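Colleague: Take this structure first; my questions come after.
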Amino acid sequence: MLKLSKPTRSGTRSLTFTLPQDQLKGTVSVVGTFNDWTPGAHTLRKRSNGTASVQVKVPAGTDVTFRYLADGGRWFDDHSADTITSQGSVVHA
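The opening residue of the sequence shown carries number 213 in the working numbering; numbering runs sequentially from there.
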């Protein structure tokens, strides 16, 4: 599940990436245009409500492309994204 905040006065939005904990097999990070596709820069953390999530700031009005990277080098997309392309999931921020 993806959640976008309202734009701030400085022109950014918070983008929260959330997955159910039962989907996680080990460590999962989200990589994409917001972190130069750096694995491990934004690792999902387990929450008490049965999910794991991480939040990043992105420029409002931009397209954010990302994928999840799980242990063992397994990449996967988020089907709640606005679009899924050959490069990954895309959210219109």
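Ideal placement from N, C-alpha and C gives every residue a C-beta, glycine not left out. Predicted model only: the values in this text are computed from it and were never measured.
1) Evaluate L244 with the Cβ neighbour count: other Cβ atoms within 10 Å of its Cβ, from every protein chain shown; 16 or more gives buried, anything less gives exposed.
2) Just tell me which of N261, F246 and H291 has its CA closest to the CA of H254.
3) Can you look up D283 in the DSSP assignment and give me helix, strand or coil?
4) Enumerate, from N- to C-terminal direction, the unbroken beta strand (DSSP E) stretches of 3 or more residues contained entirely within the segment 234-290.
5) Identify the continuous beta strand (DSSP E) that holds P232 and give its terminal residues.
Modeller: The structure says:
1) Counting from one through the sequence shown, the residue named residue 244 turns up at place 32. Sequence inspection shows Gly at residue 244; the Leu mentioned does not correspond to that position. Label assigned to G244: buried.
2) Here the question's residue 254 lines up with position 42 in the sequence shown. The option with the nearest alpha carbon to H254 is F246.
3) Along the sequence shown, one-based indexing puts residue 283 at 71. Three-state DSSP puts D283 in a helix.
4) 240-244, 263-271, 275-282 and 286-288
5) Locating residue 232 in the sequence shown gives position 20, counting from the first residue. Start and end: T224 to P232.
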